[in-house]
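All remarks here apply to the structure that follows.
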Amino acid sequence: MSAPQELLRGVRVAPSILSADFGALRSQVGEVLAAGARVIHVDIMDGHFVPPITVGPLVVEALSEVVRDAGAMLDVHLMIEHPERHVSELIKAGAHSITFHVEATPHAAYTANLIRESGASVGVAINPGTAPSALAELSEMLDMALCMTVNPGWGGQPFIAHSLEKLGRLRAVLGDRAALEVDGGIDPQTAPQCAQAGANVFVAGSAIFHAEDPAAAYAAIAGAVGAE
Ligand code: DX5
Ligand code: ZN
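For any residue, its number in my numbering is found by taking its place in the sequence shown, counting from 1, and adding 127.
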């Protein structure tokens, strides 16, 4: 079987547990895995880089077994300061890819190397106000770039339409090799627009977990982009 990280090379819809019912987290994740999801997105927030505080390695670990058993991967999105301090603990807990914000550390190249040497895929995220050129010196080191299509910190915000034009410029900075993930306001309408603009990994939180039937909501977005 190929490494879980290989999943990011395909067209994937990644349910974000931020909008799930945390009292029933494992079964909610089980529902989307059964519907075909193979990338589960975990948002870690520290109350500093962004105002909210969410979860940490304990929740990654709690999901690790069910995700691994499905042949899926845990895609961890760090919205925290000093991301380099948490890499090894998160990988021990079961993270397959770690994405940190270029705005959150002056040590982006160091952090990217650390993630790779520790055995996970390397992702770097940019906020809506950050230019794609911020990744120019890092592009060779990345498995994935994450283009925030809302301001980070909260689920349920509207998609920033300007992101579509930005995705093309980001793809040009990255070249063809790295995955391009979009996160924020993704639904069956916006996901295909992002696909057209060059994205291949589509994070969706509220469009999946606030729906009456998360499995059907996952399938609707997956169908709209032709996800595997
Ligand atoms: C927000 C997080 C997202 C969030 C997206 O900062 O990074 O992953 O879950 O939520 P929706 O899909 O509701 O916009
Ligand atoms: Zn996210």
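Quick reminder that beta carbons are idealized off the backbone N, C-alpha and C, glycines included.
Pop quiz: L273 and H223 are said to be a contact at Cβ under 8 Å. What is the actual Cβ separation, rounded to whole angstroms? About 15 Å separates the two Cβ atoms, so there is no contact after all.
Taking all protein chains shown into account, decide if P233 is buried (16 or more other Cβ within 10 angstroms of its Cβ) or exposed. Burial call: exposed.
Would you tell me roughly how many angstroms separate the C-alpha atoms of I225 and H168, rounded to the nearest one? Note on geometry: alpha-carbon atoms of I225 and H168 lie some 10 Å from one another.
Put V251 into one of helix, strand or coil per three-state DSSP. If DSSP states are grouped into helix, strand and coil, V251 belongs with the strands.
In this structure, how does DSSP classify M128 when only helix, strand and coil are distinguished? In this predicted model, M128 has a pLDDT of only 47, less than 50, meaning its place in the structure is not dependable; the value taken from the coordinates is given anyway. Reduced to three states, the DSSP call for M128 is coil.
Tell whether a beta-carbon distance below 8 Å holds between P142 and F336. Contact annotation: P142 and F336 have beta-carbon atoms nearer than 8 Å.
Per-residue burial, I313 [other beta carbons within 10 Å of its own, 16 or more giving buried]: Label assigned to I313: buried.
Consult DSSP for A231 and reduce its assignment to one of helix, strand or coil. Of the three classes helix, strand and coil, the one that applies to A231 here is helix, per DSSP.
CB-CB under 8 Å to R243, same chain, minus the five flanking residues each way: which ones, in chain order? The residues are V249 and M268.
Any contact of the region 344–353 with the region 307–324, i.e. 3+ C-beta pairs under 8 Å? These segments touch.
Whole angstroms is fine: what's the gap from M128's alpha carbon to L134's? Because the pLDDT at M128 is just 47, under 50, the model does not fix this residue reliably, and the value given afterwards should be weighed accordingly. The alpha-carbon of M128 is positioned some 11 Å away from that of L134.
With DSSP run on the structure shown, which of helix, strand or coil describes L273? Here DSSP, grouped into helix, strand and coil, assigns L273 to strand.
Can you have a look at P341 and say buried or exposed, based on whether 16 or more other CB atoms are within 10 angstroms of its CB? In the assembly as shown, P341 is a buried residue. Its beta-carbon has 16 or more other beta-carbons within 10 Å.
State the CB to CB distance for the pair P279 and N254, rounded to an integer number of angstroms; the pair is presumed to be in contact (CB under 8 Å). Between the beta-carbon of P279 and that of N254 there is about 6 Å, and that keeps the pair under the 8 Å contact cut.
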